[in-house]
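Residue numbers (this note's numbering), protein chains in the order written: chain A, 3 to 119; chain B, -12 to 102. For each residue, glycine too, the CB sits at the ideal point set by N, CA and C. Here the structure is a predicted model, which is why all the values come from computation and not from measurement.
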């Protein structure tokens, strides 16, 4: 069964450093998402991406964040200058077509745990 | 704007007894509703989904949920809990009328199953 993969599973970085979190969505999916879950809190939407551009973003997704689909298979989240409060589990998700309701389901990767020291 | 409220942060049951995890939603348009489960140190797994077909939805591992528009509820149930059901459960809404399918998560309910 196809699945979303994410690398690395755990990333430790120093405050102020740049990090890139990588995701490989399911191959025929067209919509891509990043969510994060700070320890003990609920999962929060960060950004959605469609047709090579951001379609929606939350207020969390400020200028320090960017997303890219560099080669048609990978989907990356970059944090330019990490802060302590960026420590969280980051989930990538992908979804097929928008139009048919049965395709609403988003498939999640296993997550990358980011620890900022 | 869409939102989800999970009415219990923790639910504790004995193995073999019924499970009820409560969820109320708010949505401007006809919503799609989901229940996801997260086992410790694991990712999010879809349990079941409601997408405007049958109001009683059956999912994996014996779970089911009923969509009640009049009550704006989507409670998750299981007739008989198993030890392996211990996990955190998230009620989730997707409001396609106003977004590209952004998911809004509830706060989560931690289910504990006692022997």
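Q. Who does residue 16(B) pair with in a DSSP beta bridge?
A. DSSP output for residue 16(B) lists no bridge partner at all.
**Q.** Where residue 22(A) falls, given that 16 or more other Cβ within 10 Å makes a residue buried
**A.** exposed
**Q.** beta-carbon residue 98(B) near the ligand MG non-hydrogen atom, thresh 7 Å
**A.** The model depicted lacks the ligand MG and carries no ligand whatsoever.
(Q) What are the residues in the segment 47 to 70 of chain A lying within 7 Å of chain B by C-beta distance? (A) 47, 50, 52, 57, 58
Q. Do the segment 80 to 93 of chain A and the segment 21 to 39 of chain A make contact, defined as three or more Cβ pairs closer than 8 Å?
A. In short, these stretches touch, since the Cβ pair count reaches three.
Q) Given residue 118(A), which residues of its chain have a CB within under 7 Å of its CB, disregarding the five upstream and five downstream residues? A) 15, 17, 84, 85, 86, 88, 89
**Q.** Reference residue 91(B); option with closest CA among 67(A), 72(A), 49(A)
**A.** Of the candidates 67(A), 72(A), 49(A), the one whose C-alpha sits nearest the C-alpha of residue 91(B) is 49(A).
Q) Hey, out of -8(B), 99(B), 66(B), whose CA is closest to residue 72(B)'s CA? A) 99(B)
Q | chain B contact for residue 14(A) (CB, 8 Å cutoff) | A | no
**Q.** Cβ pair residue 63(B), residue 8(B) closer than 8 Å
**A.** Pairing residue 63(B) with residue 8(B) gives a Cβ-Cβ distance under 8 Å.
Q | Near-chain B residues of the segment 17 to 47 of chain A (beta-carbon distance less than 9 Å), N- to C-terminal order | A | 33, 35, 37, 39, 43, 44, 45, 46, 47
(Q) Here's the rule I'm using: 16 or more other beta-carbon atoms within 10 Å means buried, otherwise exposed. How should residue 23(B) be labelled? (A) By the neighbour-count rule (16 or more Cβ atoms within 10 Å), residue 23(B) is buried.
(Q) Counting only Cβ pairs nearer than 7 Å, list the residues of chain A close to residue 92(B). (A) 44, 45
Q) By DSSP, does residue 47(B) sit in helix, in strand, or in coil? A) helix
(Q) For residue 37(A), count the other beta carbons within 10 Å of its own beta carbon; 16 or more makes it buried, fewer makes it exposed. Which is it? (A) buried
Q: Along the beta strand (DSSP E) that carries residue 36(B), what are the first and last residues, could you check?
A: Unbroken beta strand (DSSP E) run through residue 36(B): 31 to 37.
Q: Quick one: give me the first and last residue of the beta strand (DSSP E) that residue 2(B) is part of.
A: Careful: residue 2(B) lies outside any beta strand (DSSP E) and carries neither H nor E.
Q. Using 8 Å as the limit for Cβ to Cβ distance, is residue 113(A) near chain B?
A. yes
Q: Look at residue 16(B) and residue 59(B) and say whether their C-beta atoms are less than 8 Å apart.
A: The Cβ-Cβ distance between residue 16(B) and residue 59(B) does not fall below 8 Å.
Q. Quick one: Cα of residue 41(A) to Cα of residue 28(A), how far?
A. 27 Å
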